[in-house]
Structure formats: structure tokens, C-alpha cells
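Chemist: Pasting a structure here, questions to come.
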Ligand code: GUN
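In my numbering, the protein residues as written are 368 to 648.
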């Protein structure tokens, strides 16, 4: 059977490291503070935001919570971001996505100063990653790199195939694997002969957004399989983009859902917040 990559355990380890770092920073008079903004009351977003605030409390990061009504205008939201940009006590600003349709998501992302862009979504953060400069990195792909490294999986020289080209996962994932000297291919909905391409992968990252789409026909024997998807199946149980029971017997390592990539996103957000506070001083 394959190595099960335990995201719950690895994220807990990262959070412990951060908790110690935050305590040490406090002794030096440096505090860490994240502003979390949610517009509207999407239930999934409320769960994510709640988990982020819980993680802050555990690590010793102050969280400022802004729960704004659905009718909030773009101007009001931009004004709040402007205020938080200027506040010396705030290190990170997170606007939970998706936003209501009447608000331009790109304008909101651009409004956050890159120094406080702990989500790593600002064009400057993405550009910096692209050309190998310092900047915040999108949390889910950054978490996947940590999962691989902390599980003893080498990336250098490996064939890495990503399924999905989103700005939040697919594209930054490609850049991060490239930075680790992987040989990287991005596939997407228009890719021809998808299975042939994914079967080349030593490391396969599935971020397609379709429950259990990736069966063993897509996977080379002995590959490492990373599942970014999170869905509810017909029995209301969580499942990923990968058909775990079908794929697990043929791969060398695999992330489960839940307990794989999911917990890493928050751990890396916390990491970015701590980094932001440390850099400011
Ligand atoms: N919505 C889904 N994932 C994310 C994330 O990582 N950050 C933010 N801000 N919103 C999200």
C-alpha cells in the first residue's frame, strides 16, 4: 500500500513551529495581526473563515473579523482595505473569496498592499513568484510543497503534471515545482489525450474540481498523487478529485481527502502572517 501523506499531522507540526515563533516574537515586542474580511453569508466561506480565526487564536495571532453584509458596495470594501493597509498593527489582510457578483474581485485583490497580501493573490506577488523574487505565495500550492518536502519526496528532476490552471492553485503550483527543479506540465480542459500526459507524471497534482475524476487510468505505477479537490459525494461524505480507492493501490504516495492538502492551506496562511510581521520589524 502507498505512503499516506498526512496533511493533518504536517499542518499541526507547522502550527506548533509557528506558535513557538510567535511567542518568541512577543517577547521582543512584535505582535502578529490578521484582518479577515467576509462579504455576505456564504456558508462554505463562513466555515473557512471560522477555521482561519481558530488557527490564529491557537498560534497567538490576533484576528480582526469583518463580517460585512451582502449589499456592501465595492467602494465601502475598498475603503476598509485602504484603512487596514494604513494600520501599523495589521500585518495581513485576507478577503475571503468568492465575493458577491457586484464586486470586482480583481480590483479588491489589487487594493491590498503587497506587504499585507498573505493570500499571495496580488499581481505583484504572482509576478515575483514568476521571476524568482521574494513575495507571498498562494497558500494551497505552498502547502503542497511542504507536504512533499516533509514527507521526504524529492521534486528535483521529476516529471510533475498538474491538472488545472487556476490562478490560485494550478499556475502557482507549476511555478513552485519549477523553482524546486521539477519538469513541469500543466494540463487543462482543452488538453488532448489527457491520460497519456498524466501517465508521464512522477508527481501528479489534481486540481480539476470534478469529484473522483482521476482513476488509475490517469496514473503511472508508483506515482505520487496529490489531491486538491474537496467535494461531497452522493452520501454527503467528503471526497477529492481523485478516486482514492481506485488509485491508492497503484501509487507510491497519496494525500487523503479530508486530511491531506486541506489543512495545509491554513497552516501556510498562518506562516505568511508570521513572516509579514517578522519582515516588518
Ligand atoms: N476562497 C477559497 N480559497 C480561498 C483562499 O485561499 N483565500 C481566500 N481569500 N479566499 C478563498
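Think of the CB as a built atom: it goes at the ideal place given N, C-alpha and C, for glycine as much as any other residue.
(1) At least one CB of chain B closer than 7 Å to the CB of residue 600: is that the case?
(2) Please name the residue, chosen from 598, 639, 644, that lies closest to residue 488 on a Cα-to-Cα basis.
(3) Given a threshold of 16 other Cβ atoms within 10 Å of its Cβ, counted over all protein chains shown, does residue 430 qualify as buried or as exposed?
(4) Counting along the chain, where does the alpha helix (DSSP H) carrying residue 496 start and finish?
(5) Between residue 555 and residue 635, what straight-line distance do the alpha-carbon atoms span, to the nearest angstrom?
(6) The beta strand (DSSP E) that contains residue 434, what's its start and end?
(7) Is the distance from the Cβ of residue 404 to the Cβ of residue 441 below 7 Å?
(8) Given that a residue counts as buried once 16 or more other Cβ atoms are within 10 Å of its Cβ, and exposed if not, what is residue 594?
(9) With which residues is residue 594 paired in a DSSP beta bridge?
(10) Residue 496: which of 475, 453, 521, 547 sits nearest, CA to CA?
(11) Can you check the segment 522–566 for any beta strand (DSSP E) of at least 3 residues that lies completely inside it and give the ranges in chain order?
(12) Report yes if the CB atom of residue 458 is closer than 7 Å to the CB atom of residue 643, and no otherwise.
(13) Going by DSSP in three states, residue 628 sits in which element: helix, strand or coil?
(14) Buried or exposed: which applies to residue 408, given that a residue is buried once 16 or more other Cβ atoms fall within 10 Å of its Cβ?
(15) Less than 6 Å separating the Cβ of residue 610 from some heavy atom of the ligand GUN?
(16) Report the three-state DSSP secondary structure of residue 513 (helix, strand or coil).
(17) Under 6 Å Cβ to Cβ from residue 527, same chain only, skipping five residues before and after it: list those, please.
(18) Shortest alpha-carbon distance to residue 604 belongs to which of 631, 578, 448?
(19) Mapping DSSP to helix, strand and coil, what is residue 403?
(20) Look up residue 506 in the DSSP assignment and say whether it is helix, strand or coil.
(21) Starting from the C-beta of residue 360, find all residues in its chain whose C-beta is less than 7 Å away, skip the five residues before and the five after it, and write them out in chain order.
(22) What residue does the beta strand (DSSP E) around residue 461 start on, and which one ends it?
(23) To the nearest angstrom, how far is it from the Cα of residue 559 to the Cα of residue 525?
(24) What's the gap between the Cα of residue 513 and the Cα of residue 389?
(25) Have a look at the DSSP bridge pairing and note the partners of residue 370.
(26) At the level of alpha carbons, what is the spacing between residue 522 and residue 416?
Modeler: Once the coordinates are examined:
(1) Although the question refers to chain B, the structure presented lacks it and comprises just one protein chain.
(2) The residue labelled residue 488 in the question sits at position 121 within the chain shown. Looking at the Cα atoms, 639 is the closest of the given residues.
(3) Here residue 430 is taken as the residue at index 63 of the chain shown, counted from 1. Result: buried.
(4) Counting from 1 along the chain shown, the entry for residue 496 is found at position 129. Residue 496 -> alpha helix (DSSP H) spans 490–497.
(5) Residue 555 sits at position 188 when you count from the first residue of the chain shown. Residue 635 sits at position 268 when you count from the first residue of the chain shown. Each residue's Cα considered, the two are about 26 Å apart.
(6) Position 67 of the chain shown, counting from 1, holds the residue named residue 434. 429–435 is the span of the beta strand (DSSP E), which, as asked, contains residue 434.
(7) Indexing the chain shown from 1 puts residue 404 at position 37. Indexing the chain shown from 1 puts residue 441 at position 74. It is not a contact, given that the beta carbons lie outside the stated cut-off.
(8) Position 227 of the chain shown, counted from the start, is the residue given in the question as residue 594. With 16 or more other Cβ atoms within 10 Å, it is buried.
(9) The residue labelled residue 594 in the question sits at position 227 within the chain shown. DSSP output for residue 594 lists 573 as bridge partner(s).
(10) For the purposes of this step, residue 496 is identified with residue 129 of the chain shown, where counting begins at 1. Closest by alpha carbon: 547.
(11) 526–530, 550–554
(12) Here residue 458 is taken as the residue at index 91 of the chain shown, counted from 1. Here residue 643 is taken as the residue at index 276 of the chain shown, counted from 1. It is a contact, given that the beta carbons lie within the stated cut-off.
(13) Along the chain shown, one-based indexing puts residue 628 at 261. If DSSP states are grouped into helix, strand and coil, residue 628 belongs with coil.
(14) Taking the first residue of the chain shown as position 1, residue 408 is located at position 41. Residue 408 should be labelled exposed.
(15) On the chain shown, residue 610 is found 243 positions in, with the first residue counted as 1. Checking every heavy atom of the ligand GUN against the Cβ of residue 610, none is found closer than 6 Å.
(16) Residue 513 sits at position 146 when you count from the first residue of the chain shown. Looking at residue 513 - three-state DSSP - the assignment turns out to be helix.
(17) Counting from 1 along the chain shown, the entry for residue 527 is found at position 160. So the list reads 544, 549, 551, 570, once near-sequence residues are dropped.
(18) Translated into the one-based positions of the chain shown, residue 604 becomes position 237. Looking at the Cα atoms, 578 is the closest of the given residues.
(19) Working through the chain shown from its first residue, we reach residue 403 at position 36. Reduced to three states, the DSSP call for residue 403 is strand.
(20) Residue 506 sits at position 139 when you count from the first residue of the chain shown. Helix, per DSSP.
(21) In the structure as shown, the chain begins at 368 and stops at 648. Residue 360 is therefore absent and cannot be evaluated.
(22) By 1-based counting over the chain shown, the position of residue 461 is 94. Residue 461 -> beta strand (DSSP E) spans 459–462.
(23) Residue 559 sits at position 192 when you count from the first residue of the chain shown. Residue 525 sits at position 158 when you count from the first residue of the chain shown. The alpha-carbon atoms of residue 559 and residue 525 are separated by roughly 22 Å.
(24) Along the chain shown, read from residue 1 onward, the residue named residue 513 stands at position 146. Along the chain shown, read from residue 1 onward, the residue named residue 389 stands at position 22. For residue 513 and residue 389, the distance between alpha carbons rounds to 20 Å.
(25) For the purposes of this step, residue 370 is identified with residue 3 of the chain shown, where counting begins at 1. Answer is 620.
(26) Counting from one through the chain shown, the residue named residue 522 turns up at place 155. Counting from one through the chain shown, the residue named residue 416 turns up at place 49. Spanning the two alpha carbons is a distance of roughly 32 Å.
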